[in-house]
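Residue numbers (the working numbering): 16 to 196.
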């Protein structure tokens with residue numbers, strides 16, 4: 016999955032392209048226990064490798080890890096101009112202390128020289144990605160709680176309105192059902 020940050024959401028909103036990403040945006044609890052916003056294939060997390068007819072482990076793993084906005088046949092990003100911050104830094108990652116290349120198989124690694132300006136830009140993007148990921152991991156659980164609370168308040172209002180419009184006889188039957196429990 017591709018981690019998404021507020022930086023990405025702001026970029027997409029400013030350029031009116033959020034709708035292109037919405038089908039692939041998911042909330043995901045990563046192996047470290049953090050809640051992340053991610054870009055993932057439509058079937059992310061839905062492949063059951065134990066069911067006959069399901070995709071194989073290897074294929075399932077590939078499908079769950081690949082970017083849904085990367086054209087495998089043409090080997091190109093479909094949203095390059097608006098690609099997420101994590102894509103701009105890949106395969107370089109920064110953990111707050113050190114930089115590391117996380118994918119030596121990544122096309123481009125070791126392919127020709129990189130200018131000093133390009134290296135600085137890549138490092139700056141990696142630092143920004145780390146900062147934005149921390150920001151997102153602090154914000155997302157809070158936003159999740161606020162949105163859930165608002166959703167439930169709205170749901171209760173709708174139920175109360177429906178109860179007001181119920182036939183008195185049906186309302187009495189419902190009261191009897193709840194008294195039994």
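From the three backbone atoms N, C-alpha and C, an ideal C-beta is built for every residue, glycine too.
Task: Euclidean distance between Cα positions of residue 148 and residue 120 - done: The residue labelled residue 148 in the question sits at position 133 within the chain shown. The residue labelled residue 120 in the question sits at position 105 within the chain shown. Computed Cα separation, rounded: 24 Å.
- [ ] Look up residue 31 in the DSSP assignment and say whether it is helix, strand or coil.
- [x] If you number the chain shown from 1, residue 31 lands on position 16. The answer is coil: DSSP assigns residue 31 none of H, G, I, E or B.
Open item on the list: Do residue 54 and residue 99 count as a contact pair if the criterion is CB distance below 8 Å?
Closed with: Start at 1 with the first residue of the chain shown, and residue 99 comes out as number 84. Start at 1 with the first residue of the chain shown, and residue 54 comes out as number 39. Yes, the Cβ-Cβ distance between residue 99 and residue 54 is below 8 Å.
TODO: Taking 8 Å as the threshold, find out whether the region 22–38 comes into contact with the region 110–127 through three or more Cβ pairs.
DONE: Segments in contact, no.
TODO: Pull up the distance between the alpha-carbon of residue 144 and that of residue 125, whole angstroms please.
DONE: Here residue 144 is taken as the residue at index 129 of the chain shown, counted from 1. Here residue 125 is taken as the residue at index 110 of the chain shown, counted from 1. Looking at the two C-alpha atoms, the distance is approximately 22 Å.
Task: CB-CB length for residue 50 against residue 152, believed under 8 Å - done: On the chain shown, position 35 is the one that residue 50 refers to. On the chain shown, position 137 is the one that residue 152 refers to. Contact flag correct, Cβ pair sits at about 7 Å.
Open item on the list: Measuring straight from C-alpha to C-alpha, what distance separates residue 28 and residue 89?
Closed with: As a working mapping, residue 28 is identified with position 13 in the chain shown. As a working mapping, residue 89 is identified with position 74 in the chain shown. Their backbone Cα atoms lie some 27 Å apart in a straight line.
- [ ] State the beta-bridge partners of residue 52 as determined by DSSP.
- [x] Against the chain shown, residue 52 aligns to sequence position 37. According to DSSP, residue 52 bridges with 19 and 42.
Task: residue 109: first and last residue of the uninterrupted beta strand (DSSP E) it sits in - done: In the chain shown, counting from the first residue as 1, residue 109 sits at position 94. Counting along the chain, the beta strand (DSSP E) containing residue 109 begins and ends at 107–109.
Task: Cβ-based neighbour list, residue 140, same chain, cut-off 6 Å, excluding 5 preceding and 5 following - done: Numbered from its first residue, the chain shown carries residue 140 at position 125. Counting only Cβ-Cβ distances below 6 Å, and skipping sequence neighbours, we find 103 and 104.
- [ ] List the DSSP bridge partners of residue 91.
- [x] Against the chain shown, residue 91 aligns to sequence position 76. Paired residue(s): 86.
- [ ] Scan the region 100–185 and note each continuous alpha helix (DSSP H) run of 4 residues or more that stays entirely inside, going in chain order.
- [x] 100–104 and 131–179
TODO: Might you give, ordered along the chain, the residues of its own chain that have their beta carbon closer than 8 Å to the beta carbon of residue 131, omitting 5 neighbours on each side?
DONE: Taking the first residue of the chain shown as position 1, residue 131 is located at position 116. No residues qualify anywhere along the chain.
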